[in-house]
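To start, the structure under review is shown below, and the notes come after it.
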Amino acid sequence: ANKTPTMEQIELWNKNGAQMINLLRISRMGKGIWKLDKNGKKVDFSVPRRKYIFKNLRRIVPQIKEKNLINKCFVYGFDEPTVDMRPVMGKIYDEIKKEFGLKTMFATYRPIWEDGEIKNVDYWAVAWFLLTPETIEKLKKRNIKIFAYNLATAGAQARLQFWSAFKSGMDG
364 ANKTPTMEQI ELWNKNGAQM INLLRISRMG KGIWKLDKNG KKVDFSVPRR
414 KYIFKNLRRI VPQIKEKNLI NKCFVYGFDE PTVDMRPVMG KIYDEIKKEF
464 GLKTMFATYR PIWEDGEIKN VDYWAVAWFL LTPETIEKLK KRNIKIFAYN
514 LATAGAQARL QFWSAFKSGM DG
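Just remember that this note's numbering sits 363 ahead of the position in the sequence shown, which is counted from 1.
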């Protein structure tokens, strides 16, 4: 979600069994999101985007902590973080964890864990075709929580994917 949910929504979703609740999608594509260096390399989020992220989290996180729901919430950052996004992702995730104590997530269709550049991410949403037993074991050894990415929505295939995730030791 690009918009932070209300406390009422968070409580409702928790009551109805949500294991994890996305508080905010910190990234988006478009103009004005990135701060660039003189060579055009992404070095941070732009000042307006940073203000938006922290303003929204500062508004809702105290309420979440008061209701003892902080461990049910996370911040979603990126789909397919490119090499130049990863240091920015690690930096902002570090700041979010220090200030708010929130978990973080991103999603991928590629085996980007092989390059070792992903930092400060608690949950990895990984495309189904990458979730071999070897990959799951490798990521689990690094204490990475794995979510299956892109569940089917049609009958038998959705049930198969759900039970496959459950039986494979997936986290969500």
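Beta carbons are placed, not taken as given, at the ideal position from N, Cα and C, and that holds for glycine. Keep in mind it's a predicted model, so treat the numbers as computed, not measured.
The residues L386, L420, V424, I433, C436, F437, V438, I459, in chain order, have a CB closer than 8 Å to that of L465 in the same chain once the five nearest residues on each side in sequence are set aside. Nearest to Y486 by C-alpha distance, out of D447, N379, T471, is T471. Counting along the chain, F408 sits inside the beta strand (DSSP E) bounded by residues 405-408. T495 is not a Cβ neighbour of V484, given a cutoff of 7 Å.
In this structure, DSSP gives M448 a state outside helix and strand, which the three-state scheme calls coil.
Measuring C-alpha to C-alpha distances from S390 to each of F510, E443, A381, P474 identifies E443 as the nearest. Under the three-state reduction of DSSP, K428 is assigned to helix.
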